[in-house]
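Since the structure comes first, as structure tokens, the remarks are kept for the end.
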Amino acid sequence: MNSDKKVGSITVLEAANFLLKNDNFYILTHVNPDGDAMGSGFGLCRALRAVGKKANVLCSDPFPKRYSYLYNGYEPQKFVPQTIVSVDLADTNLFGKALSVYADFVDLAIDHHISNTGYAAKTLLNGKAAAACEVLFEVFTEGKFPIGLQIAECLYTGISTDTGCFRFENTTPRCHEIVAKLMGYGIPYARINRELFEIKSRARLTVEQHVINSMEMYLDDKCAVIAVTSDMIAETGLAPEEFEGLASIPMQVEGVEVGVTIKEKEPGKFKVSMRSAESVNVSELCAKLGGGGHIRAAGCTVEGNLSQVKLKILSVIAPALGFDLWLS
């Protein structure tokens with residue numbers, strides 16, 4: 008583990024060689040792990056183990072059950088860590104409490120977020136990639152790592168979830184080329200797509216119904232806001248992993264240019280997710296609130312009561328939509 012803060016960008020080949028030359032890996036993923044975090048984490052872990060390396064995946068939060076097929080058969084190995092690699096992790100603020108001890112010791116960050124803060128000794132960053140899993144595919148190919156069915160499932164999951172099943176603007180020709188190759192390994196893509204994008208629990212549907220009914224429109228109906236409170240979570244029994252995808256609901260309203268999803272993490276603290284159409288860079292907006300992400304999808308954490316949080320968010324969004332002040 009390297010504690011020297013020598014930030015430097017490296018190439019795909021250099022990243023592949025780094026992985027092949029080192030051993031005893033801890034692979035870090037971000038809090039509230041989504042499909043790309045899980046896919047890149049376990050995809051890299053399985054690839055390293057396939058070439059005789061020791062590797063474990065670490066996350067401050069439990070692995071979501073909806074991605075259990077990615078870690079089926081996975082067992083943590085016992086070893087003293089020598090190499091720390093982060094995947095899909097733009098900022099040390101996303102390490103979570105359990106992984107914060109590694110914040111100054113990351114040897115290599117593999118990422119696709121343009122907001123990556125350069126916290127690692129080495130960084131492989133491709134801001135044009137749809138997902139960290141897309142970046143990993145290039146690394147595996149360059150380093151001639153064996154890609155079997157399980158690794159292909161991991162990479163497909165990351166790419167499909169970060170592109171909204173290939174509906175979002177970040178879907179590129181290269182993205183489709185990679186997925187076509189992954190399909191060649193025999194992955195059950197139809198089943199994966201149905202489980203990730205169609206099937207919902209009754210609790211999830213109840214929450215969707217509530218947030219749709221209570222959705223608020225601002226800034227000449229160009230901004231839609233939904234909120235999920237702790238009371239709502241307690242009443243429905245919705246599992247934390249089932250919140251993934253809720254942020255797309257506000258953007259489904261005709262005429263909306265910025266969609267906001269506010270989720271209460273604890274009293275006085277809210278997780279905010281922003282999505283946008285072509286006209287607004289929500290990564291810049293979230294950066295003003297201490298967060299970051301992608302141009303069309305970003306997030307941050309805002310403190311205060313719900314009304315105060317909405318005011319802070321709308322005050323940042325209003326200028327981006329051409330308003331000096333926001334009006335309800």
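Just so we're aligned, residue 8 is where the sequence shown starts under the numbering used here, counting upward by one. Yeah, the Cβ is synthetic: ideal placement off N, Cα and C, and Gly gets one too.
Inter-residue Cα distance where the pair is residue i and residue j
i, j, result
"L328", "K295", "15 Å"
"K135", "C182", "10 Å"
"S16", "P71", "31 Å"
"V142", "S107", "24 Å"
"G125", "I117", "11 Å"
"S286", "E261", "15 Å"
"F330", "Q315", "19 Å"
"N24", "I91", "15 Å"
"I158", "F102", "24 Å"
"Q84", "P153", "20 Å"
"I324", "G311", "18 Å"
"N9", "Y192", "With a pLDDT of 49 at N9, under the threshold of 50, the predicted position of this residue should be treated as unreliable, though the coordinate-derived value follows. Whole-angstrom Cα-Cα distance: 36 Å."
"L65", "A44", "11 Å"
"K207", "A197", "16 Å"
Beta-carbon proximity check, residue i vs residue j, cutoff 8 Å
i, j, result
"S280", "R303", "no"
"T236", "K276", "no"
"E6", "K319", "Residue 6 is absent from the structure shown; the chain starts at 8 and stops at 335."
"A338", "F173", "The requested residue 338 is not part of the displayed model; the chain covers only 8 to 335."
"P257", "A231", "yes"
"V113", "N31", "no"
"E249", "R211", "yes"
"A57", "L131", "no"
"E149", "L20", "yes"
"L35", "S93", "yes"
Rounded Cβ spacing between residue i and residue j (contact assumed at less than 8 Å)
i, j, result
"T170", "Y74", "That pair is no contact at about 16 Å."
"T168", "G266", "T168 to G266, Cβ: 18 Å. No contact."
"G297", "A305", "With a Cβ gap of about 11 Å, G297 and A305 do not count as contacting."
"A137", "T179", "6 Å"
Nearest neighbour of residue i, chosen from the options [CA to CA]
i, options, result
"K104", "C293, A234, V38", "V38"
"E145", "I166, Y225, Y126, A127", "I166"
"L26", "F173, A62, T213, A44", "A62"
"P247", "M224, H217, S47, K278", "K278"
"Y225", "A210, L321, R174", "L321"
"S47", "N100, L245, H119, G59", "H119"
"I185", "F49, C161, M222", "C161"
"T99", "F175, P326, E82, A127", "A127"
Residue i Cβ short of 7 Å to the ligand ADP heavy atom set
i, result
"G155", "Among the components of this structure there are no ligands whatsoever, and the ligand ADP is therefore not found."
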